[in-house]
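Have a look at the structure below before the remarks.
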Amino acid sequence: MKIYDGGKIFVGLIIFVGLVTSPFFFNRGKSNIVRDPKAAQMMQSMGLQCVEPKAFMLPNHMQLLDEWRDSVVRKGNRLYKASDGKNYVMSFQNTCMNCHSDKNESCNACHNNLAIKHTCDGCHNSIAVKPYCWDCHIAPKEKKS
Amino acid sequence: MRILFSFFAVIALVLSAYAGVKIANLQFLFGVVIPYIAITIFTLGFVYRVLKWGSSPVPFRIPTTCGQQKSLPWIKQNRIENPSSISGVIIRMALEALLFRSLFRNLKTQLKDGKLVYGEAKWLWLAGLAFHWSFLIIFVRHFRLFLQSTPSFIKTIEGLDSFLQVGVPLLYMTDIVLLGSVTYLFLRRVFIPQVKYISLAADYFPLFLIFGIAASGVLMRYFYKVDIVGVKELAMGLVILKPVIPQGIGVIFYIHLFLICLLFAYFPLSKLMHMAGVFLSPTRNMVNNSRMVRHINPWNYPVHVHTYEEYENDFREKMKKAGIPVEKE
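Chain order of the listed sequences is A and B. The first sequence: position 98 = 98 (our numbering), numbered continuously. Just add 145 to the spot in the second sequence (first one is 1) and you have our numbering.
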């Protein structure tokens, strides 16, 4: 098979194949996200639980926070009745950050070998999500290691 | 019929992914095996199609020009619409690939009060441009799931795309634009009679498939949420060649992934190859230098030529007898 204008065709094809396979090359020798279920179990065994179960919080926390904000800022209602009947004060800095106190490194003390840290930024950074909480709220201090 | 066939084909594919994951628990098949097969078919098929096109000679200059050709020095040449240099062709191709310049010239021809009139028809150009650009941005955005640390330009694109800060998770403008434009591109095939007449199942199927991909992605992001960190684990597993199937990713993710795999596998077999074809269009990518360079047809073969001189040598006596004038006595 004779290829006419072979130079240009092959340059184009090399660019194409390079782009398609680039994720494989960029990630050569990289490791996957490692999630340690022990951290969550430890939290539970210590009697620490979020306002709703983990299965709900993980995908829906941003919507819950949004509803809390609207409820507090627009309606002045700070009382949250959780699905298990417990009452919580809707407050990001007093309720959420009571446990999630360090957006960078709170679990790092025990789990410093994790590629993904059990913190806000641990997950957020791993999937490149940049929440704009800290545009208004005072961001918790980060320990620079 | 052609519409319904394509529609139900996509529905059947969605259902098969749903059944495969939800009932048969074939997560490994849908999450690992099919993606690898799809990307292999895509890459090899794409290269094969391009090489096949490359093996066709284009001996003569056939650019479709719409501007003044290079001529006498005092006549102003249109360097882009009638390029006589490589740089002109590069600008022309860039405008074509990035802004669909030839589609911008799209005209509508109709009879009005017995007269033939030509009107502007820019909606196809606008919707096509919106569709392709939003698709590209969405495609690039997804690289946050395939790269361990997301490069800053992808974060910038994401930031701009979600700039309106509507709702949580932040609404991406491109999601709306893609769904809107693909709907328009479908409706125009249905409502314009001439376009409907020439539309085939192969025209409707990619539209439904892309609509399915966009819709499942939107549902997954805003409504039936999945464990996004698990999704990244799966995606990273694929690209570091150590596939994993994290537990608890919702079935909607597998439907989304399956439709994308089908799009990739279907790509080299279909009209979607215009992605490579636009760069290989001889009517666009050629320098119009017919008057400057002699182009020789590569399939010319040596023809035995019988010149007039030889002819006269053969028949001189007979010609003289018949009174026909000859050049040499």
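Even for Gly, the Cβ is constructed at its ideal location relative to N, Cα and C.
Practice item. Determine which residues of the region 56 to 86 of chain A have a Cβ less than 8 Å from any Cβ of chain B, and write them out in chain order. Key: 58, 59, 60, 62, 63, 65, 66
Review point. What separation, rounded to the nearest whole angstrom, lies between the Cα atoms of residue 468(B) and residue 455(B)?
Key: Here residue 468(B) corresponds to residue number 323 of the second sequence, with the count starting at 1. Here residue 455(B) corresponds to residue number 310 of the second sequence, with the count starting at 1. Cα to Cα, the separation comes out at about 19 Å.
Check your understanding: Can you find a CB in chain B that lies within less than 7 Å of the CB of residue 19(A)?
Key -> Position 19 of the first sequence, counted from the start, is the residue given in the question as residue 19(A). No, because no Cβ of chain B sits closer than 7 Å to the Cβ of residue 19(A).
Point to revise | chain B within 7 Å of residue 24(A), Cβ atoms only | key: For this step, residue 24(A) is matched to residue 24 along the first sequence. Residue 24(A) counts as touching chain B.
Exercise for review: Pull up the distance between the alpha-carbon of residue 302(B) and that of residue 388(B), whole angstroms please.
Suggested key: Along the second sequence, one-based indexing puts residue 302(B) at 157. Along the second sequence, one-based indexing puts residue 388(B) at 243. When rounded, the distance between both Cα atoms is 28 Å.
Exercise for review: Sort 446(B), 269(B), 169(B), 463(B) by Cα distance to residue 248(B) and report the nearest one.
Suggested key: The residue given as residue 248(B) occupies position 103 in the second sequence. Considering only alpha carbons, the answer is 269(B).
Exercise for review: Could you tell me whether the Cβ atoms of residue 380(B) and residue 324(B) are closer together than 7 Å?
Suggested key: Residue mapping note: residue 380(B) aligns to position 235 of the second sequence, counting from 1. Residue mapping note: residue 324(B) aligns to position 179 of the second sequence, counting from 1. For residue 380(B) and residue 324(B), no; Cβs fall outside 7 Å.
Point to revise | Between the CA atoms of residue 225(B) and residue 236(B) - distance to the nearest angstrom | key: As a first step, residue 236(B) is located in the second sequence; it is residue number 91 there, counting from the start. As a first step, residue 225(B) is located in the second sequence; it is residue number 80 there, counting from the start. Spanning the two alpha carbons is a distance of roughly 7 Å.
Review point. Going along the chain, which residues of the region 227 to 249 of chain B sit with their C-beta nearer than 9 Å to a C-beta in chain A?
Key: none
Check your understanding: Is DSSP giving residue 395(B) helix, strand or coil here?
Key -> Residue numbering aside, residue 395(B) sits at position 250 when the second sequence is read from its first letter. Residue state, collapsed to three classes: coil.
Review point. So is the beta-carbon of residue 158(B) under 6 Å away from any non-hydrogen atom of the ligand SAH?
Key: This structure lacks the ligand SAH; in fact it carries no ligand of any kind.
Check your understanding: Does the region 407 to 427 of chain B touch the region 313 to 327 of chain B, meaning 3 or more C-beta pairs lie closer than 8 Å?
Key -> no
**Study point:** residue 371(B) and residue 66(A) closer than 7 Å at C-beta
**Key:** Counted from its first residue, the second sequence places residue 371(B) at position 226. Counted from its first residue, the first sequence places residue 66(A) at position 66. No. Outside cutoff.
Review point. Mind checking if residue 113(A) is an interface residue toward chain B, Cβ cutoff 7 Å exclusive?
Key: The count along the first sequence starts at 1 and reaches residue 113(A) at position 113. Only weak support exists for where residue 113(A) lies, its pLDDT of 38 falling under 50; the coordinates are left without a value.
Review point. What are the boundary residues of the beta strand (DSSP E) that includes residue 67(A)?
Key: On the first sequence, position 67 is the one that residue 67(A) refers to. It is not in any beta strand (DSSP E) - residue 67(A) instead sits in the alpha helix (DSSP H) that spans 54 to 70.
Point to revise | Interface positions of the region 385 to 397 of chain B facing chain A (Cβ-Cβ less than 9 Å), listed along the chain | key: 385, 386, 387, 389, 391, 393, 395
Point to revise | Reference residue 250(B), options 411(B), 155(B), 209(B), 185(B), closest by Cα | key: Translated into the one-based positions of the second sequence, residue 250(B) becomes position 105. Comparing Cα-Cα distances from residue 250(B) to each of 411(B), 155(B), 209(B), 185(B), the minimum goes to 209(B).
Check your understanding: Does residue 90(A) have its Cβ less than 7 Å from a Cβ in chain B?
Key -> As a position in the first sequence, residue 90(A) is number 90, starting the count at 1. Output row for residue 90(A): interface = no.
**Study point:** Separation of residue 310(B) from residue 407(B), as counted between CA atoms
**Key:** For the purposes of this step, residue 407(B) is taken as the residue at position 262 of the second sequence. For the purposes of this step, residue 310(B) is taken as the residue at position 165 of the second sequence. Distance between the alpha carbons of residue 407(B) and residue 310(B) is about 32 Å.
Check your understanding: Do you know whose CA, among 277(B), 442(B), 300(B), lies nearest residue 288(B)'s CA?
Key -> Here residue 288(B) refers to the residue found at position 143 when the second sequence is read from its first residue. That would be 300(B), whose Cα lies nearest to the Cα of residue 288(B).
Point to revise | Where the beta strand (DSSP E) through residue 300(B) begins and ends | key: In the second sequence, the residue the question calls residue 300(B) occupies position 155. Element bounds for residue 300(B): not the beta strand (DSSP E) but the alpha helix (DSSP H), 297 to 306.
Review point. Who are residue 256(B)'s beta bridge partners in DSSP?
Key: Taking the second sequence and counting its residues from 1, one reaches residue 256(B) at position 111. Partner(s): 261(B).
Check your understanding: Thinking C-alpha only, which one of 451(B), 459(B), 448(B), 428(B) is nearest residue 203(B)?
Key -> Reading the second sequence from its first residue, position 58 is the one you call residue 203(B). Closest by alpha carbon: 428(B).
Review point. If you measure beta-carbon to beta-carbon, which residues of the region 395 to 415 of chain B are closer than 8 Å to chain A?
Key: none
Review point. Cα separation between residue 71(A) and residue 319(B)?
Key: The sequence position of residue 71(A) within the first sequence is 71, counting from 1. The sequence position of residue 319(B) within the second sequence is 174, counting from 1. Computed Cα separation, rounded: 29 Å.
Exercise for review: Could you tell me the distance, in whole angstroms, from the CA atom of residue 241(B) to the CA atom of residue 229(B)?
Suggested key: Residue mapping note: residue 241(B) aligns to position 96 of the second sequence, counting from 1. Residue mapping note: residue 229(B) aligns to position 84 of the second sequence, counting from 1. C-alpha separation (whole angstroms): 17 Å.
Practice item. Entirely within the region 359 to 445 of chain B and at least 3 residues each: give me those beta strand (DSSP E) ranges in chain order. Key: none
Practice item. List the residues that DSSP assigns as beta-bridge partners of residue 88(A). Key: Translated into positions along the first sequence, residue 88(A) becomes position 88. DSSP output for residue 88(A) lists 80(A) as bridge partner(s).
Exercise for review: Could you name each continuous alpha helix (DSSP H) segment of 4 residues or more that falls completely within the region 180 to 246 of chain B, going from the start of the chain to the end?
Suggested key: 231 to 244
Check your understanding: At a cut of 8 Å, does the region 345 to 364 of chain B reach the region 150 to 162 of chain B through at least three beta carbon pairs?
Key -> yes
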